[in-house]
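Worksheet for the structure shown next.
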Amino acid sequence: MKTSALGRIALAAGVAALTTGVLPTTAHAEGSKVERKTLLVMVEFSDASFLDADAVKASTPDTYFGTKKDSLASFFTEVSRGQYTTVPAVEEGVVGPITLPMTAAGCDYNQINKLTQEALSTRGLVRDEDYESLSVVFPAQKTGCAWAGLGSVPGPYTWINLHGTAGGLGVVGHEFGHNLGLGHQGRSMCTDGDLVDCTTDGTSAKSLMGGGGPAAGFSAPEMIRAGWLSGSEAVKVDASGTYTLRSLHGEGSGTRALDIPMGEDRLVVEYRHAAGTLDADIEGVHAYRVPKDAYGSSSLIDMTEANKTAGNDASADADAITAVTDTASKVSVAVVSSGDGKAVVQVALDGEKLSAGTATTETATPHPEHTGTDTDAGDGNGEADGTEAKSGGSVPAEGSASTASGNGSSADLAATGGSAATVPLAAAGAALVAAGGVALVVMRRRKRA
Ligand SMILES: [Zn+2]
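Numbered by mature numbering (1 follows the signal peptide of the UniProt record, and there is no 0), the letters in the sequence shown go through residues -29 to -1, 1 to 420 in order.
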């Protein structure tokens, strides 16, 4: 961790009075609902200011905490079904702008983080006491950052390299997904029907962490990682049988995911169907490979040639599975029926034959491993030391995010964020997650030809 004495000197000179009201420290007051106290801070540089700081200050808190449907708080509340949300750490919703004693060039996000925390400390705002997550928003025009947003894996830090006056949920939600311990969700193409023969290609389009935009929410393995599916909702399959799934998202009860052993990995099966603001364009049964219990690093299994994305014309169920076999672990899954909000799925373990059977969802023994909520997801050391953040290397020209509103192309997936908050690098994402405490980059996707 770099140190600098400049910070305190300049801040002592620059901060006249403590005017920020700190909210009571009741982060987890409401039953089991996690209310993540998030401190939103606008910072500027000695040589770069927001083009319209008042506009940023007026609009940004609403992106994080507002009641509008595309706010971060609304997104988390809906996806977690009321188990998790973000709340402002200060009454005003945002602190700043604070001018940091550093220049913008070089995109030194570690230094931005350090100096911001020093400035906050001067104002009486201390991490883990006054806030649990820290999101720093700064003007992009001189930073040279190759990303629109950055998040530590897991939390508690996010950086928003802001063009214009308003960040969108597509970027902010994605970065906060990283804070929950989620990597990028890629896609495994297994078009010959056997999971022993797959190639990594593209993104899942089933998650905000996989190019699906906010309208995809999170996928089943990510929901498990976040602790948002109970043991009866994410059933750990330990015997062959026939299972009935309800949709992954939406209110109500029932089994939302099957968590199947597959050698050292897991095979997670979900049924997606429109619910609330989610999954209007996702339908059918989908499966994910989870490497060695790393539920935050799953990849979609795609047996089709559909190349479904969140932006192309492929039908909602274009890449849904009908049958999956892994000859290595002798696991087979077959979809008996799918549609109208439910699916029936057969699972055969240990090389047993798939056969019609009675639904065993009710009799399957739920295991309690998934019942805990991931309240500590952002409480790791969280140091964003990740020099890997720049390992993406070749950033497309449009990766400089010079147009925050996006170009409206089919590759611009985020519905509201204006930036397709995804990196089509699943392997890199998984590696970064495995390393822990590092940062991942959000790049804008290269426009498809
Ligand atoms: Zn990312």
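Even for Gly, the Cβ is constructed at its ideal location relative to N, Cα and C.
Remember, predicted model here, so these are calculated numbers, not experimental data.
Any idea what DSSP makes of residue 421, helix, strand or coil?
Coverage of the chain is limited to positions -29 through 420, which leaves residue 421 absent and any answer about it impossible.
For Phe46, which three-state DSSP category applies?
Position 75 of the sequence shown, counting from 1, holds the residue named residue 46. Note: Phe46 maps to helix in three-state DSSP.
Using the Cα positions of Lys8 and Ala60, report the straight-line distance between them to the nearest angstrom.
One-based indexing of the sequence shown puts residue 8 at position 37. One-based indexing of the sequence shown puts residue 60 at position 89. Spanning the two alpha carbons is a distance of roughly 5 Å.
Please tell me whether residue 426 and His145 are closer than 8 Å, where the distance is taken between their beta carbons.
This structure cannot speak to residue 426, because the chain is shown only from -29 to 420.
Environment of Asp230 [buried if 16+ CB atoms lie within 10 Å]
One-based indexing of the sequence shown puts residue 230 at position 259. With 16 or more other Cβ atoms within 10 Å, it is buried.
Quick one: complete beta strand (DSSP E) runs, 3+ long, within the region 187 to 223?
205 to 207 and 212 to 217
Quick check on Pro232: does DSSP put it in helix, strand or coil?
As a working note, residue 232 is residue 261 in the sequence shown. Of the three classes helix, strand and coil, the one that applies to Pro232 here is strand, per DSSP.
Leaving out five residues before and five after Asp288 in sequence, what residues of the same chain have Cβ atoms less than 7 Å from its Cβ?
On the sequence shown, position 317 is the one that residue 288 refers to. Glu254 and Gly255.
Just the Cα atoms here: how many angstroms apart are Ala75 and Leu219?
Sequence index remark: in the sequence shown, residue 75 carries index 104 (1-based). Sequence index remark: in the sequence shown, residue 219 carries index 248 (1-based). Distance between the alpha carbons of Ala75 and Leu219 is about 43 Å.
Does the beta carbon of residue 445 fall short of 7 Å from some heavy atom of ligand 1?
Only positions -29 to 420 of the chain appear in this structure, which leaves residue 445 out of reach.
Cβ atoms of Val315 and Ser308: under 8 Å apart, would you say?
Translated into the one-based positions of the sequence shown, residue 308 becomes position 337. Translated into the one-based positions of the sequence shown, residue 315 becomes position 344. Yes, the Cβ-Cβ distance between Ser308 and Val315 is below 8 Å.
Which two residues bound the contiguous alpha helix (DSSP H) that contains Leu86?
Within the sequence shown, residue 86 is the residue found at index 115, counting from 1. Tyr80 to Thr93 is the extent of the alpha helix (DSSP H) around Leu86.
heavy atom of ligand 1 below 7 Å from His149 C-beta
In the sequence shown, counting from the first residue as 1, residue 149 sits at position 178. At least one heavy atom of ligand 1 is nearer than 7 Å to the Cβ of His149, so yes.
Status (buried if at least 16 other CB within 10 Å, exposed otherwise) for Ala299:
Taking the first residue of the sequence shown as position 1, residue 299 is located at position 328. Exposed: under 16 other Cβ atoms inside 10 Å.
Report buried or exposed for Ser190, applying the criterion of at least 16 other Cβ atoms within 10 angstroms of its Cβ.
Along the sequence shown, read from residue 1 onward, the residue named residue 190 stands at position 219. Per the 10 Å Cβ criterion, buried.
Locate the alpha helix (DSSP H) running through Phe36, then write down its first and last residues.
Position 65 of the sequence shown, counted from the first residue, corresponds to residue 36. From DSSP, the alpha helix (DSSP H) with Phe36 extends over Ala24 to Phe36.
Enclosing beta strand (DSSP E) for Phe109 [first to last residue]:
Translated into positions along the sequence shown, residue 109 becomes position 138. Phe109 -> beta strand (DSSP E) spans Ser104 to Pro110.
State the start and end residues of the unbroken alpha helix (DSSP H) segment that holds Val143.
Here residue 143 is taken as the residue at index 172 of the sequence shown, counted from 1. If you look at Val143, you'll find it in the alpha helix (DSSP H) that goes Leu140 to Asn150.
Which one of Gly234, Pro185 and Trp199 has the shortest CA to CA distance from Asp209?
The count along the sequence shown starts at 1 and reaches residue 209 at position 238. When only C-alpha atoms are compared, the closest one is Gly234.
Check this for me: beta carbons of Ala111 and Leu133, under 8 Å apart or not?
What you label residue 111 is simply residue 140 of the sequence shown in a count that begins at 1. What you label residue 133 is simply residue 162 of the sequence shown in a count that begins at 1. Yes, they are a contact pair.
Excluding five sequence neighbours on each side, which residues of the same chain lie with their C-beta closer than 6 Å to the C-beta of Thr170?
Within the sequence shown, the letter at position 199 stands for residue 170. These residues qualify, in order along the chain: Met160.
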